Amino acid sequence: EGANLVVCARGEEALRQTAESIRKSSGVTVVDVAADVSEQSGIDRVAKAALDKFGKVDILVTNSGGPPSGPFERLTPEMWDAATRLLLTSAVGLVRALLPGMKERRWGRILNVTSIAVKQPIEGLMLSNSLRAAVTGFARTLANEVAPFKVTVNCILPGYTRTDRVEQLASAAGERSGTSAKDTFAKWEKEIPMGRLGEPREFAALAAFLVSERASYITGSSIAVDGGWIRSLV
């Protein structure tokens, strides 16, 4: 789509490789910032790098990693605190840093990547189910507050998509059930009306639309990319 990027992650080498791949394939400017956005210092580092390089940020996409899986009684207070900082506090902090400029310019896009679990909780993902729902509440409330400034706030809900994170979840689910990751994938595919997992490019197509000028009248929405997995009406 031609947008210059600031990308961040905790793993410096993987981040560097990803940034270089984007540069080569698209020709856009990509700034890679190794940072942990579950810490305020990491949030500050990312925001500063973006503003120092480009002078402004028009589009913010929050997409932090997933917390550990497991049932409630195995989750310690420390795990709850870490998950809150990773999923909710990071999104709030990045918005706090970058929203003022969007309001001043009267244009902005905030897109939070959450999960299908905010509409239909996934077994074994207590932390993710809980905290991503909190992000949804934050985003929906913020959307109405900033709409007069022509800033939109939406959530995108990826379903089972072929990513490294989903590979890890499949392996963990297989271990819990005494089966294999392959068996877990087969089970998921049976649950999806389209009969397959999604591809990253299918998720990316919706994300690109929601942060574009074409989506200027869409705000406060949570839209799934899930092959029909969510069964609810709303």
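Numbering (my numbering), first residue to last: 3 to 236.
Note that beta-carbon positions come from the ideal geometry of N, C-alpha and C, so glycine has one too.
Quick caveat, the model's predicted, so the values are computed rather than measured.
C-beta atoms of Ile112 and Ile61 nearer than 9 angstroms: yes
Unbroken beta strand (DSSP E) run spanning Val115, endpoints: Gly110 to Val115
Span of the alpha helix (DSSP H), counted from its first residue to its last, around Ser43: Gln42 to Phe56 is the span of the alpha helix (DSSP H), which, as asked, contains Ser43.
Buried or exposed (CB count within 10 angstroms, at least 16 for buried), Val35: buried
Extent of the continuous beta strand (DSSP E) run through Thr20: Segment Glu14 to Ser28 is the alpha helix (DSSP H) holding Thr20; no beta strand (DSSP E) there.
Proximity winner among Ser117, Lys105, Ser27 and Lys50, relative to Ser67 (alpha-carbon distances): Note on residue identity: the sequence assigns Gly, not Ser, to residue 67. Among Ser117, Lys105, Ser27 and Lys50, the Cα nearest to that of Gly67 is on Ser117.
DSSP-derived helix/strand/coil call for Ala37: Reduced to three states, the DSSP call for Ala37 is coil.
Outcome for Asn6 when other beta-carbon atoms lying within 10 angstroms are tallied against a minimum of 16: exposed
Cβ pair Lys121, Ala226 closer than 9 angstroms: Contact: yes.
Residue range of the unbroken alpha helix (DSSP H) whose run includes Pro160: First-last for Pro160: Val153 to Pro160, but that is the beta strand (DSSP E), not the alpha helix (DSSP H).
Backbone CA spacing between Gln19 and Gly13 [nearest angstrom]: 10 angstroms
Between the CA atoms of Phe187 and Ser92 - distance to the nearest angstrom: Per the coordinates, the alpha-carbon of Ser92 lies some 30 angstroms from the alpha-carbon of Phe187.
Proximity to Arg200 [Cα-Cα], best of Ala183, Lys152 and Arg164: For clarity, residue 200 is Gly in the given sequence; the question names Arg instead. With distances taken between Cα atoms, Gly200 lies closest to Arg164.
Whole-angstrom C-beta distance between Thr138 and Ser218, which should lie under 8 angstroms: The beta-carbon separation of Ser218 and Thr138, rounded to 21 angstroms, does not stay under the 8 angstroms limit for a contact.
First through last residue of the alpha helix (DSSP H) which encompasses Ala206: Pro202 to Leu212
Neighbourhood of Ala174 by C-beta, 6 angstroms cutoff - its chain only, sequence neighbours within 5 removed: Only Ser71 meet the Cβ criterion.
Ala226: first and last residue of the uninterrupted beta strand (DSSP E) it sits in: Bounds of the beta strand (DSSP E) holding Ala226 are Ser224 to Val227.
DSSP state of Val168 mapped onto helix, strand, coil: helix
Bridge partners - Ala11, DSSP secondary structure assignment: Ala36
8 angstroms contact criterion, which Lys50 and Arg107 should meet: CB distance rounded: Not quite, the Cβ-Cβ distance comes to about 19 angstroms (not below 8 angstroms), so this is no contact.
Close beta carbons around Leu208, own chain, < 7 angstroms, minus the five adjacent residues each side: Ile158, Ile225 and Val227
Residue from Ala52, Val39, Arg167 and Ala99 whose Cα sits closest to the Cα of Thr86: Val39
Per-residue DSSP class, three states only, for Ile118: In the structure shown, Ile118 sits in a helix (DSSP, three-state: H, G or I).
Beta-carbon proximity check, Pro69 vs Leu89, cutoff 9 angstroms: yes
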